[in-house]
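> Position one of the sequence shown corresponds to residue 1 (my numbering), numbered consecutively onward. Here you go, one structure.
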Amino acid sequence: MRIDIVTIFPDFFDVLEVSLLGKARSSGLLDVRVHDLRDWTHDRHRTVDDTPYGGGAGMVMKPEPWGEALDEIARDAASRPTIVFPSPAGAVFTQATAREFSGLEHIVFGCGRYEGIDERVFDYAGTLGDVRLVSLGDYVLNGGEVAVMAMVEAAGRLIPGVVGNPDSLVEESHEDGLLEYPSFTKPSVWREREVPPVLLSGNHGAVAAWRREQQIERTRARRPDLLSDQEGRA
Ligand SMILES: Nc1cc(-c2ccc3ccn(Cc4ccccn4)c3c2)[nH]n1
1 MRIDIVTIFP DFFDVLEVSL LGKARSSGLL DVRVHDLRDW THDRHRTVDD TPYGGGAGMV
61 MKPEPWGEAL DEIARDAASR PTIVFPSPAG AVFTQATARE FSGLEHIVFG CGRYEGIDER
121 VFDYAGTLGD VRLVSLGDYV LNGGEVAVMA MVEAAGRLIP GVVGNPDSLV EESHEDGLLE
181 YPSFTKPSVW REREVPPVLL SGNHGAVAAW RREQQIERTR ARRPDLLSDQ EGRA
């Protein structure tokens, strides 16, 4: 998978050189290219924003640099990319979105800042690729970079070969629509707190049943909305 990230804070993504995704990049599983939007400006101040038509607080990102950046990236692409813009007004990003993204050949992430990007950019981007406006959740960030980092990690780790043991992906929260069961390791007693005896029993059937019950109990307590989704599927 190829990932292009366009941002006015390219250094923000230096962290993608480390850990799992860093290994995936060096092994060629992931081809991540970070671009500074200001490289597509032509004035002395490398201007990327201006005042909003219609008035209002804050600034809006100018369309011209985005148009030139997306043209150059899409022109260089082997296939029609999916172009993802984080936005508070987007569809919520879920594990299903991460799974969908992990199967794509080429994703271009556009990180907005200020009060957002001129709306015409999203329309123009539709001539170059499949455009998705995506929200991390119902809260407002200062820009798209944190959202893109989360999406790159959530999707990147699902690419075959990125995570050492693929079995570990199956029993995670949200993979089966439920929250994950609690985990324990040695010592069996720690500060007078014991590991649940069933986990020490060696009875794999009893362990599996206990873990499933824990998933359902936790989901009911912490995320009842997920249970109604499950019931809807039943
Ligand atoms: N789930 C999300 C996504 C975002 C997000 C994504 C991109 C941008 C570009 C600018 N801002 C700041 C901003 C503030 C006020 C209204 C609009 N935008 C962003 C925020 N916030 N929360």
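Just so it is clear, CB atoms sit at the ideal spot from N, CA and C, and this is done for glycine as well.
State buried or exposed for Gly116, treating a residue as buried only when at least 16 other CB atoms are found within 10 Å of its CB.
Counting from one through the sequence shown, the residue named residue 116 turns up at place 116. The residue is buried, with at least 16 neighbouring Cβ atoms inside 10 Å.
> Can you give the Cα-Cα distance for Gly161 and Gly56, rounded to whole angstroms?
Within the sequence shown, the letter at position 161 stands for residue 161. Within the sequence shown, the letter at position 56 stands for residue 56. Computed Cα separation, rounded: 48 Å.
> Assuming Ile3 contacts Ile107 under a Cβ cut-off of 8 Å, what Cβ separation, rounded to an integer in Å, is found between them?
Here the question's residue 3 lines up with position 3 in the sequence shown. Here the question's residue 107 lines up with position 107 in the sequence shown. Yes, they are in contact, since the Cβ atoms of Ile3 and Ile107 sit about 5 Å apart, within 8 Å.
> Measure the Cβ-Cβ separation of Ile216 and Cys111 and say whether it is below 9 Å.
Residue numbering aside, residue 216 sits at position 216 when the sequence shown is read from its first letter. Residue numbering aside, residue 111 sits at position 111 when the sequence shown is read from its first letter. It is not a contact, given that the beta carbons lie outside the stated cut-off.
> Run through the stretch 47-127 for me and flag every whole alpha helix (DSSP H) of 4 or more residues, listed as ranges in chain order.
If we require 4 residues or more, the alpha helix (DSSP H) runs fully inside the stretch 47-127 come out as 63-75, 95-102 and 120-125.
> Of all the options Glu180, Val195 and Leu179, which has the alpha carbon lying nearest to the alpha carbon of Lys186?
As a first step, residue 186 is located in the sequence shown; it is residue number 186 there, counting from the start. Here the closest residue by C-alpha is Val195.
> Could you name each continuous alpha helix (DSSP H) segment of 4 residues or more that falls completely within the stretch 128-167, going from the start of the chain to the end?
Complete alpha helix (DSSP H) runs here, min 4: 145-156.
> Between which two residues does the beta strand (DSSP E) containing Thr7 stretch?
Numbered from 1 along the sequence shown, position 7 holds the residue referred to as residue 7. Taken as a continuous stretch (DSSP letters only), the beta strand (DSSP E) holding Thr7 covers Arg2 to Thr7.
> Is Arg211 helix, strand or coil by DSSP?
In the sequence shown, counting from the first residue as 1, residue 211 sits at position 211. Looking at Arg211 - three-state DSSP - the assignment turns out to be helix.
> Evaluate contact between the stretch 41-48 and the stretch 84-101, counting only Cβ atoms and requiring at least three cross-stretch pairs below 8 Å.
Touching, no, given that fewer than three Cβ pairs across the two stretches are closer than 8 Å.
> Which residue comes first and which comes last in the alpha helix (DSSP H) that contains Arg25?
Mapped onto the sequence shown, residue 25 falls at position 25. Where Arg25 is concerned, the enclosing alpha helix (DSSP H) stretches over Ser19 to Ser26.
> Check whether the stretch 148-168 and the stretch 22-38 are in contact - that is, three or more C-beta pairs closer than 8 Å.
Counting Cβ pairs under 8 Å, three or more are found: they touch.
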